[in-house]
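Enquirer: Per the working numbering, the sequence shown starts with residue 3, numbered consecutively.
Virtual Cβ for every residue (Gly too), placed ideally from N, Cα, C.
Mind looking over this structure? Questions follow.
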Amino acid sequence: MAVLVNKQAPDFTAAAVINGEFQDITLSQFKGKKNVVLFFYPLDFTFVCPTELHAFQEKLGEFKARNTEVL
């Protein structure tokens, strides 16, 4: 698998839960405004441990302090 760190991601539209409601977001709405971390996992109940998901959740404040949004 090729390393994709620091590579520009293509624009996309996805459904997100924001303040308890589904909203469409696009990657382009963050361009030039915030850093973005794209976090995804293949499927529920696969090798990605819930501990990793909780770790991102616990660090969201630190990401926001660095002008970074986790998608």
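#1: Assuming contact is defined by CB atoms lying nearer than 7 Å, are residue 15 and residue 37 in contact in what I supplied?
#2: Indicate whether the contact test is met: 3 or more Cβ pairs, each with one atom in the region 57-73 and one in the region 30-48, closer than 8 Å.
#3: Could you compute how far the alpha carbon of residue 7 sits from the alpha carbon of residue 22?
#4: According to DSSP, simplified to helix, strand and coil, what is residue 53?
#5: Residue 41 and residue 19 - do their beta-carbons sit closer together than 7 Å?
#6: Taking 7 Å as the threshold (C-beta atoms), are residue 13 and residue 29 in contact?
#7: Which two residues bound the contiguous beta strand (DSSP E) that contains residue 18?
Expert: Answer, in terms of the structure:
#1: no
#2: yes
#3: 30 Å
#4: helix
#5: no
#6: yes
#7: 15-20
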